[in-house]
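Visitor: Encoded as structure tokens, here's the structure I'll be asking about.
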Amino acid sequence: MQSNATEHAALAGTALHIEHVVKRYGDREVLHGIDLDITPGEFVVIVGRSGCGKSTLLRLIAGLEGIDDGHLRRDGEAEDGLHDDARVMFQDARLLPWKKVLDNVALGLPKTQRAQAAEVLAQVGLAERAGEWPARLSGGQRQRVALARALVHRPRLLLLDEPLGALDALTRIDMQNLIEGLWQRLGFTAVLVTHDVAEAVALADRVVLIEDGRIALDERVDLPRPRHRGSPAFARLEEAILNRVMQRKSDPDELTDVRSHTAWASPFDVSATSVRWAV
7 MQSNATEHAA LAGTALHIEH VVKRYGDREV LHGIDLDITP GEFVVIVGRS
57 GCGKSTLLRL IAGLEGIDDG HLRRDGEAED GLHDDARVMF QDARLLPWKK
107 VLDNVALGLP KTQRAQAAEV LAQVGLAERA GEWPARLSGG QRQRVALARA
157 LVHRPRLLLL DEPLGALDAL TRIDMQNLIE GLWQRLGFTA VLVTHDVAEA
207 VALADRVVLI EDGRIALDER VDLPRPRHRG SPAFARLEEA ILNRVMQRKS
257 DPDELTDVRS HTAWASPFDV SATSVRWAV
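If you want it as structure tokens, here you go:
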């Protein structure tokens with residue numbers, strides 16, 4: 007008999023259509039006519055400097071805040087708040103300290119579906135910690151529980167607001183690999199906000215750069231999966247995007263040149279940079 011996760015693996019992700027979206031706080035306009043289309047099952051990563059509007063855009067997509075102008079549609083329907091088939095994961099795991107790990111994952115589920123919570127907890131590698139208190143878990147383990155709590159509802163749209171920002175480098179890479187593997191298996195649409203350009207290149211189908219409330223770059227990442235972080239192609243694309251984020255002086259055709267190399271570059275032909283870029 008197939009597991010619930012396998013049965014729902016083919017569930018299509020959500021399509022997003024964002025057209026001329028404006029967001030204001032009082033007299034201050036923080037998003038200026040955002041246009042963005044995301045196809046079902048796509049993994050889009052939004053990068054940019056602090057205060058550029060990337061988390062605000064994620065909150066609008068989630069339905070946690072309303073737009074002031076423009077249109078935001080999910081599967082062709084106007085956005086009208088957070089849907090049951092969408093979940094948000096934040097930098098803080100936000101676990102309930104008075105509930106054990108399995109109970110945190112099962113929040114909002116009928117008692118008859120408690121086995122489903124245990125199954126998803128196993129998928130994130132924490133089946134043996136089901137009966138423990140959140141305080142006994144590491145930061146990375148707490149984020150795994152938060153991810154399981156999101157996925158137990160079988161979302162078609164997963165929104166991630168810098169959920170890995172407080173983790174150490176190795177734990178962060180483990181979590182990136184876990185999120186990527188579950189996304190590939192379950193087929194949901196994923197939108198991630200991050201300061202980490204290497205994380206963006208590792209996970210994204212497309213990297214979207216927001217500057218001063220506007221989309222300044224929408225770059226497709228054509229590197230094959232799984233991606234080799236030490237490969238020259240990975241390092242070239244990471245550096246090119248970072249240069250654009252930091253607005254460094256560089257060849258304006260740098261990203262075009264990078265694209266022309268990514269399809270054929272061997273991961274072993276030259277040494278890549280050892281610097282892990284974050285902005």
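Quick note: the sequence shown uses our numbering, first residue 7, plus one each step.
For each residue, glycine too, the CB sits at the ideal point set by N, CA and C.
#1: With a 10 Å radius around its C-beta and 16 neighbouring C-beta atoms as the bar for buried, classify L102 as buried or exposed.
#2: When the distance is taken between beta carbons, is V199 closer than 8 Å to D211?
#3: Residues in its own chain within less than 6 Å of H26 by CB, not counting five upstream and five downstream?
#4: Tell me whether R250 is buried or exposed, calling it buried when 16 or more other Cβ atoms sit within 10 Å of its Cβ.
#5: Is the segment 127 to 140 touching the segment 148 to 158, taking contact as three or more C-beta pairs under 8 Å?
#6: Please return the same chain residues whose Cβ sits closer than 6 Å to the Cβ of A18, not counting the five positions on each side in sequence.
#7: Quick check: the segment 159 to 176 against the segment 191 to 198, are at least 3 beta-carbon pairs closer than 8 Å?
#8: Hey, out of V213, R30, V28, D90, whose CA is closest to L163's CA?
#9: Would you mind stating whether G146 and M181 have Cβ atoms separated by less than 8 Å?
#10: Please name the residue in L229, L64, A141 whose C-alpha comes closest to that of R242.
#11: Which residues does DSSP pair with F96 in a beta bridge?
#12: Looking only at C-alpha atoms, which of S56, A92, E85, R135 sits nearest to K105?
#13: Going by DSSP in three states, A222 sits in which element: helix, strand or coil?
#14: By DSSP, does A21 sit in helix, in strand, or in coil?
#15: Please classify I185: does DSSP put it in a helix, a strand, or coil?
#16: Measure the C-alpha to C-alpha separation of D41 and V53 and round it to an integer number of angstroms.
#17: Drop a sphere of 10 angstroms on the beta-carbon of L176, count the other beta-carbons inside from all chains shown, and report buried for 16 or more, exposed for fewer.
#18: So, using beta-carbon positions, are I216 and G59 closer together than 8 Å?
#19: Can the beta-carbon of R233 be found closer than 8 Å to that of F240?
#20: Where in the segment 24 to 54 do unbroken runs of the beta strand (DSSP E), each at least 3 residues long, occur, reported from the N-terminal end onward?
#21: Looking at the secondary structure, which residues open and close the beta strand (DSSP E) in which L78 lies?
#22: If you drop the 5 nearest sequence neighbours on each side, which residues of the same chain put their C-beta closer than 6 Å to that of G219?
#23: Grouping DSSP H, G and I as helix and E and B as strand, with all else coil, what is V197?
#24: Which whole runs of the alpha helix (DSSP H) in the segment 226 to 252 are 4 residues long or more, in chain order?
#25: Who are the Cβ neighbours of I24 in its own chain at under 6 Å, not counting the five residues just before and after it?
#26: What number of angstroms, rounded off, separates the C-alpha of D81 from the C-alpha of L63?
#27: Exposed or buried, which one is R100 when buried takes at least 16 other CB atoms within 10 Å?
#28: With which residues is V126 paired in a DSSP beta bridge?
#29: Out of P116, L143, N183, R178, which has the shortest C-alpha to C-alpha gap to V158?
Guide: According to the structure data:
#1: Residue numbering aside, residue 102 sits at position 96 when the sequence shown is read from its first letter. For L102, the number of other beta carbons within 10 angstroms of its own is below 16, and it is reported as exposed.
#2: Taking the first residue of the sequence shown as 1, we reach residue 211 at position 205. Taking the first residue of the sequence shown as 1, we reach residue 199 at position 193. Contact flag unset, no.
#3: The sequence position of residue 26 within the sequence shown is 20, counting from 1. Within the same chain, G39, G76 come within 6 Å of H26 by CB-CB distance, once the 5 residues on both sides are set aside.
#4: Residue numbering aside, residue 250 sits at position 244 when the sequence shown is read from its first letter. With 16 or more other Cβ atoms within 10 Å, it is buried.
#5: Below 8 Å, enough C-beta pairs join the segment 127 to 140 and the segment 148 to 158 to call them touching: three or more.
#6: As a position in the sequence shown, residue 18 is number 12, starting the count at 1. Residues of the same chain with a CB within less than 6 Å of the CB of A18, apart from the 5 flanking positions on each side, are P46 in chain order.
#7: Contact holds: three or more Cβ-Cβ distances are below 8 Å.
#8: Position 157 of the sequence shown, counted from the start, is the residue given in the question as residue 163. Among V213, R30, V28, D90, the Cα nearest to that of L163 is on D90.
#9: Against the sequence shown, residue 146 aligns to sequence position 140. Against the sequence shown, residue 181 aligns to sequence position 175. The answer is yes: Cβ separation under 8 Å.
#10: Position 236 of the sequence shown, counted from the start, is the residue given in the question as residue 242. R242 has its Cα closest to that of L229, out of L229, L64, A141.
#11: Counting from one through the sequence shown, the residue named residue 96 turns up at place 90. DSSP, once it has assigned bridges, lists D167 as partnering F96.
#12: The residue labelled residue 105 in the question sits at position 99 within the sequence shown. It is R135 whose Cα lies nearest to the Cα of K105.
#13: Within the sequence shown, numbered from 1, the residue matching residue 222 stands at position 216. In this structure, A222 counts as strand in the three-state DSSP scheme.
#14: Here residue 21 refers to the residue found at position 15 of the sequence shown. Coil, per DSSP.
#15: Mapped onto the sequence shown, residue 185 falls at position 179. Three-state result, I185: helix.
#16: Here residue 41 is taken as the residue at index 35 of the sequence shown, counted from 1. Here residue 53 is taken as the residue at index 47 of the sequence shown, counted from 1. Here the C-alpha atom of D41 lies approximately 16 Å from the C-alpha atom of V53.
#17: To locate residue 176, count along the sequence shown from 1; it is residue 170. The residue is exposed, with fewer than 16 neighbouring Cβ atoms inside 10 Å.
#18: In the sequence shown, counting from the first residue as 1, residue 216 sits at position 210. In the sequence shown, counting from the first residue as 1, residue 59 sits at position 53. With a cutoff of 8 Å on beta-carbon distance, I216 and G59 are scored as near each other.
#19: The residue labelled residue 233 in the question sits at position 227 within the sequence shown. The residue labelled residue 240 in the question sits at position 234 within the sequence shown. Against a cut-off of 8 Å, the Cβ pair of F240 and R233 comes out as a contact.
#20: For the segment 24 to 54, whole beta strand (DSSP E) runs of length 3 or above, ordered along the chain, are 34 to 44, 49 to 53.
#21: As a first step, residue 78 must be located in the sequence shown, where it is residue number 72. 75 to 80 is the extent of the beta strand (DSSP E) around L78.
#22: In the sequence shown, the residue the question calls residue 219 occupies position 213. Taken in chain order, the residues that qualify are V36, L37, H38, G59.
#23: Here residue 197 refers to the residue found at position 191 when the sequence shown is read from its first residue. Strand.
#24: Restricting attention to alpha helix (DSSP H) runs no shorter than 4 residues, the segment 226 to 252 encloses them at 238 to 252, ordered along the chain.
#25: Within the sequence shown, the letter at position 18 stands for residue 24. By the criterion of a C-beta distance shorter than 6 Å, I24 is surrounded in its chain by I40, L42, L78, once the five residues flanking it on both sides are discounted.
#26: Against the sequence shown, residue 81 aligns to sequence position 75. Against the sequence shown, residue 63 aligns to sequence position 57. Rounded to the nearest angstrom, the two C-alpha atoms are 18 Å apart.
#27: Looking up residue 100 in the sequence shown gives position 94. That one is exposed.
#28: Stepping through the sequence shown from its first residue, residue 126 is reached at position 120. According to DSSP, which records beta bridges pairwise, V126 is partnered with nothing at all.
#29: Start at 1 with the first residue of the sequence shown, and residue 158 comes out as number 152. The shortest C-alpha separation from V158 is found at P116.
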